[in-house]
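Since the structure comes first, as structure tokens, the remarks are kept for the end.
There are 2 protein chains.
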Amino acid sequence: MEQNDITAYLERKGVKPTANRILVLKTLKESDRPMCLSDLENELITMDKSSIFRVLTLFQEQEIVHTFEDGRGILNYELCTSTTICNLSDAHIHFYCESCQKSFCMDNIAIPDLQLQEGFIAHSISFVIKGTCPKCNKKLNQQ
Amino acid sequence: MEQNDITAYLERKGVKPTANRILVLKTLKESDRPMCLSDLENELITMDKSSIFRVLTLFQEQEIVHTFEDGRGILNYELCTSTTICNLSDAHIHFYCESCQKSFCMDNIAIPDLQLQEGFIAHSISFVIKGTCPKCNKKLNQQ
DNA sequence: GAAAAGAATACAACCCAGTTGCATTCCACA
DNA sequence: TGTGGAATGCAACTGGGTTGTATTCTTTTC
Chain A
168 MEQNDITAYL ERKGVKPTAN RILVLKTLKE SDRPMCLSDL ENELITMDKS
218 SIFRVLTLFQ EQEIVHTFED GRGILNYELC TSTTICNLSD AHIHFYCESC
268 QKSFCMDNIA IPDLQLQEGF IAHSISFVIK GTCPKCNKKL NQQ
Chain B
168 MEQNDITAYL ERKGVKPTAN RILVLKTLKE SDRPMCLSDL ENELITMDKS
218 SIFRVLTLFQ EQEIVHTFED GRGILNYELC TSTTICNLSD AHIHFYCESC
268 QKSFCMDNIA IPDLQLQEGF IAHSISFVIK GTCPKCNKKL NQQ
């Protein structure tokens, strides 16, 4: 994605496109997997942790990213890919690899209708499967 | 549940039934909901946090309790109700109330078969629905 | 029944992800 | 070009979880 596109996208979302915000959005876009705060810290050595955090918080408010907890209880950030992705209806499942500590999107697994007990009202869901990813399974098998 | 039953249960699980361990197990048994470390801290003022933690760790190893993260990324402890509850096959969904910060078991909602992508191997699952519980919804409606 | 060995516990300190206060810098607009 | 508000960096804090270690308790052995 071009710098111009990123700028335009931020503006469309009502966010002033500062250098840092462009940087964070670009990094998230270029990553094929969700990232946590420390992932971004390691990637963006020019930015302070608190600045990254505030950008991510803003992005969340403007529904540019959404979050979920991986298997360790650590927040992961992921770009919203459509206007509706943040809604309950099309939330998706994440996979957390206990070997390499990375999170993956399981876009292809649909979450079935869940019939909650009387009185419970759902706002969001967080479905995480923990295990080992293909790469790590391969490595483990070779040993 | 009687003290004797608790003692016997611990012994059956290969755990020496010390006063603290009996206390923790009793507290968990008497709670109708999963508890986190600080819940137990507040309840068991005679016990140190680290002691509770070590008892819970031991209970986990002996499959007396299992854990899951609630919506805040905080570990919750819950008694294993059968010999198989800790397996992937009969894991269940939890509900986290964002209003009162309590976790609930949704025993009655079965988790459907999940077809993972090639190469991924699941060890455990953690499905949490966030929202508001019946009690809080009632309160909110009255306002 | 006392001493020795080992397990359980309390206390204190630490780790780390997340968060906040505040001073400084940047930038748009007058 | 000066000014006000937004954005940022730095430092410090919070809270859940965890660990090292000294002390206490329990069990074993003689």
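Listed in order, the protein sequences are those of chains A and B. Letter by letter, the first sequence follows residues 168 to 310 of the working numbering. Letter by letter, the second sequence follows residues 168 to 310 of the working numbering. We put the beta carbon where it would ideally sit given N, CA and C, even for glycine.
Cβ separation of HIS290/A and GLY298/B, assumed to be a contact under 8 Å, to the nearest whole Å: Residue numbering aside, residue 290/A sits at position 123 when the first sequence is read from its first letter. Residue numbering aside, residue 298/B sits at position 131 when the second sequence is read from its first letter. With a Cβ gap of about 4 Å, HIS290/A and GLY298/B count as contacting.
Alpha-carbon spacing of LEU125/B relative to ASP215/B, whole angstroms: Nothing about residue 125/B can be reported from this structure: the residues present for chain B run from 168 to 310 only.
N- and C-terminal bounds of the alpha helix (DSSP H) containing ASN187/B: Position 20 of the second sequence holds residue 187/B. Counting along the chain, the alpha helix (DSSP H) containing ASN187/B begins and ends at 186 to 197.
LYS136/A burial status per 10 Å Cβ neighbour count (16 or more: buried): Residue 136/A cannot be examined here, being either before or after the span of chain A that is shown, 168 to 310.
Closest residue to GLU210/A among LYS269/A, VAL191/A, ILE231/A and ILE260/A (Cα-Cα distance): Taking the first residue of the first sequence as 1, we reach residue 210/A at position 43. Closest option to GLU210/A, Cα to Cα, is VAL191/A.
Buried or exposed by the 16-neighbour rule on C-beta atoms within 10 Å, applied to GLN310/B: Here residue 310/B is taken as the residue at index 143 of the second sequence, counted from 1. GLN310/B comes out exposed.
Bounding residues of the alpha helix (DSSP H) (the contiguous stretch that carries LYS306/B): Your numbering for residue 306/B matches position 139 in the second sequence. In the DSSP assignment, LYS306/B falls within the alpha helix (DSSP H) that extends over 301 to 309.
Within-9 Å CB hit, VAL295/A to chain B: Taking the first residue of the first sequence as position 1, residue 295/A is located at position 128. By this cut-off, VAL295/A is an interface position.
Close-in-space but distant-in-sequence residues of the same chain around THR159/B (CB under 8 Å, 5 per side omitted): Nothing can be reported for residue 159/B: it is not among the residues displayed for chain B, which extend from 168 to 310.
Complete runs of the alpha helix (DSSP H) confined to the segment 199 to 273 of chain B [at least 4 residues]: The DSSP assignment places 204 to 210 and 216 to 228 as complete runs of the alpha helix (DSSP H) inside the segment 199 to 273 of chain B, in order along the chain (cut-off: 4 residues).
Outcome for ASN243/A when other beta-carbon atoms lying within 10 angstroms are tallied against a minimum of 16: Residue numbering aside, residue 243/A sits at position 76 when the first sequence is read from its first letter. Residue environment: ASN243/A is assigned as buried (16 or more neighbouring CB atoms within 10 Å of its CB, all protein chains considered).
GLU236/A versus THR213/A, VAL182/A, GLN268/A and LYS180/A, residue with shortest Cα-Cα distance: Indexing the first sequence from 1 puts residue 236/A at position 69. With distances taken between Cα atoms, GLU236/A lies closest to GLN268/A.
Same chain, Cβ closer than 6 Å to ILE252/B, five either side skipped, listed in chain order: As a working note, residue 252/B is residue 85 in the second sequence. Unreliable positioning characterises ILE252/B in this predicted model, as indicated by a pLDDT of 49, which lies under 50. The coordinate reading is nonetheless provided below. Excluding positions up to five away in sequence, the list is empty.
ILE288/B in three-state terms, based on DSSP: As a working note, residue 288/B is residue 121 in the second sequence. When DSSP states are grouped into helix, strand and coil, ILE288/B belongs to the strand group.
When GLU245/A, ILE292/A and ALA175/A are compared against GLY238/B, the one with the closest alpha-carbon: Here residue 238/B refers to the residue found at position 71 when the second sequence is read from its first residue. Each of GLU245/A, ILE292/A and ALA175/A was checked against the Cα of GLY238/B, and the nearest Cα belongs to ILE292/A.
Minimum Cβ-Cβ distance from THR299/B to chain A less than 9 Å: Start at 1 with the first residue of the second sequence, and residue 299/B comes out as number 132. So, interface residue.
Pick from THR248/A, TYR263/A and GLU228/A that is closest to PHE319/B, judged by C-alpha positions: With chain B covering only 168 through 310, there is no way to say anything about residue 319/B.
Cβ-based neighbour list, THR250/A, same chain, cut-off 6 Å, excluding 5 preceding and 5 following: Counting from 1 along the first sequence, the entry for residue 250/A is found at position 83. Its pLDDT being 49, under 50, THR250/A is placed unreliably in this model, and the value from its coordinates should be taken loosely. Taken in chain order, the list of residues that qualify is empty.
ILE260/A versus MET273/A - alpha carbon distance: Position 93 of the first sequence, counted from the first residue, corresponds to residue 260/A. Position 106 of the first sequence, counted from the first residue, corresponds to residue 273/A. If I take the Cα positions, the gap works out to 5 Å.
Per-residue DSSP class, three states only, for ILE173/A: Sequence index remark: in the first sequence, residue 173/A carries index 6 (1-based). Three-state DSSP puts ILE173/A in a helix.
Alpha-carbon spacing of PRO301/A relative to LYS305/B, whole angstroms: Stepping through the first sequence from its first residue, residue 301/A is reached at position 134. Stepping through the second sequence from its first residue, residue 305/B is reached at position 138. Approximately 46 Å, taken between the alpha carbons.
Buried versus exposed call for ALA186/B [16 or more other C-beta atoms within 10 Å across all chains shown]: Numbered from 1 along the second sequence, position 19 holds the residue referred to as residue 186/B. Burial call: exposed.
Member of GLY286/B, LYS183/B and ILE288/B whose CA lies at the smallest distance from the CA of ILE231/B: Stepping through the second sequence from its first residue, residue 231/B is reached at position 64. Minimum Cα distance to ILE231/B is reached at LYS183/B.
Closer than 8 Å at the beta carbon, the chain B residues around GLN282/A: Here the question's residue 282/A lines up with position 115 in the first sequence. Per Cβ cutoff of 8 Å: ILE276.
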